[in-house]
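Novice: Okay, here's the structure, questions in a sec.
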Amino acid sequence: MAHMGALPKIHRYITAHNGGGKAIFSKAFDDESRMKANDDGIAFALSYTTKGFPVDMDNDKDLDVYGEYLKNTPGLVVSGGTVLRHVDIPPKTECTMHRTVSLDYGCVLEGEVELLLDSGEKRNMKRGDVAIQRGTMHQWINNSTTEWTRMLFVLQESKPLKVAGEAVGEELAGMPGVRSSD
């Protein structure tokens, strides 16, 4: 299923400071967040990452961190950091039921998507809707036969999670193209 042209390019603008202390647009990276499709057709773009709290921006250290993650893509979550990711889901496509040990904000930018929880509860999300994902087992489903869905996710690692008295960890169920978090 072709992805090129289905949705617009993502232009990402990173700000910085010039030698005089004025705000400028960084030239450290080009402005496009590049989508990379996995075997299931779902495409990911790593639009920014950080490591450490609070984030260290002195001497552009955060830009260096992001540059390293662009060379060696992290799992869904960065230990001790944040991840900003765009995800494009083709028509008639669903990801596997999965869990991350993180607090995630997932906002629908284009199209519609069904958010299915392992309890069977579900919500149909439309453009502008946001899900606050709190370490739950979930699945994203694009039920449209013609329209792509684009989502924007911000993920932050959480403390280890206990559910019904049992410790739970990351469960990716073999998601194509996604490695375990570091």
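Heads up, the sequence shown is in my numbering, so the first residue is 13 and it goes up one at a time. From the three backbone atoms N, C-alpha and C, an ideal C-beta is built for every residue, glycine too.
Please state whether the Cβ-Cβ distance between histidine 110 and methionine 187 is less than 8 Å.
Specialist: It is a contact, given that the beta carbons lie within the stated cut-off.
Novice: When you compare only the Cα positions, how much space is there between leucine 19 and isoleucine 153?
Specialist: So the alpha carbons of these two residues sit roughly 17 Å apart.
Novice: Kindly identify the DSSP beta-bridge partner or partners of threonine 27.
Specialist: Threonine 27 pairs with Phe37.
Novice: Between arginine 135 and glutamate 126, what straight-line distance do the alpha-carbon atoms span, to the nearest angstrom?
Specialist: Each residue's Cα considered, the two are about 6 Å apart.
Novice: How big is the Cα-Cα spacing for methionine 13 and proline 102?
Specialist: Unreliable placement is indicated for methionine 13, whose pLDDT of 47 sits below 50; the coordinate value is still reported in the next sentence. The alpha-carbon atoms of methionine 13 and proline 102 are separated by roughly 8 Å.
Novice: Could you check how far apart the C-beta atoms of aspartate 116 and leucine 167 are, in whole angstroms? I think they sit under 8 Å.
Specialist: 5 Å between Cβ atoms; contact.
Novice: Kindly indicate the opening and closing residues of the beta strand (DSSP E) around glutamate 159.
Specialist: No beta strand (DSSP E) holds glutamate 159; DSSP gives it neither H nor E.
Novice: My assumption, with CB atoms under 8 Å, is that aspartate 43 sits in contact with histidine 29. Please give the rounded CB distance.
Specialist: With a Cβ gap of about 18 Å, aspartate 43 and histidine 29 do not count as contacting.
Novice: Just how far apart, CA to CA, sit glycine 32 and alanine 40?
Specialist: The straight-line gap from Cα to Cα measures roughly 18 Å.
Novice: For the alpha helix (DSSP H) holding histidine 83, just list the boundary residues, first then last.
Specialist: Residue identity differs from the one stated: residue 83 is lysine in this sequence, not histidine. 73-83 is the span of the alpha helix (DSSP H), which, as asked, contains lysine 83.
Novice: Closest to glutamate 169 by C-alpha separation, out of Ala176, Thr161 and Gln145, would be which residue?
Specialist: Per the Cα distances, Gln145.
Novice: Output the distance between the C-alpha atoms of arginine 162 and isoleucine 26, rounded to the nearest integer angstrom.
Specialist: Each residue's Cα considered, the two are about 21 Å apart.
Novice: Measuring straight from C-alpha to C-alpha, what distance separates alanine 185 and lysine 34?
Specialist: Cα to Cα, the separation comes out at about 47 Å.
Novice: For glycine 189 and aspartate 51, which I take to be in contact (beta-carbon distance under 8 Å), what is that distance rounded to the nearest angstrom?
Specialist: Confirmed, about 6 Å.
Novice: State the Cα-Cα distance for the pair isoleucine 36 and threonine 62, rounded to the nearest angstrom.
Specialist: Approximately 20 Å, taken between the alpha carbons.
Novice: Can you check which of these residues, Leu173, Pro66, Phe56 and Cys107, is closest to leucine 82 by C-alpha distance?
Specialist: If we check each option's Cα against that of leucine 82, Phe56 comes out closest.
Novice: Identify the residues that DSSP records as bridge partners of phenylalanine 165: which are they?
Specialist: Answer is Arg97 and Gly118.
Novice: For threonine 108, which residues from the same chain have a beta carbon less than 6 Å from its beta carbon, with the 5 sequence-adjacent residues on both sides left out?
Specialist: Same-chain partners within the cutoff: Ala185 and Met187.
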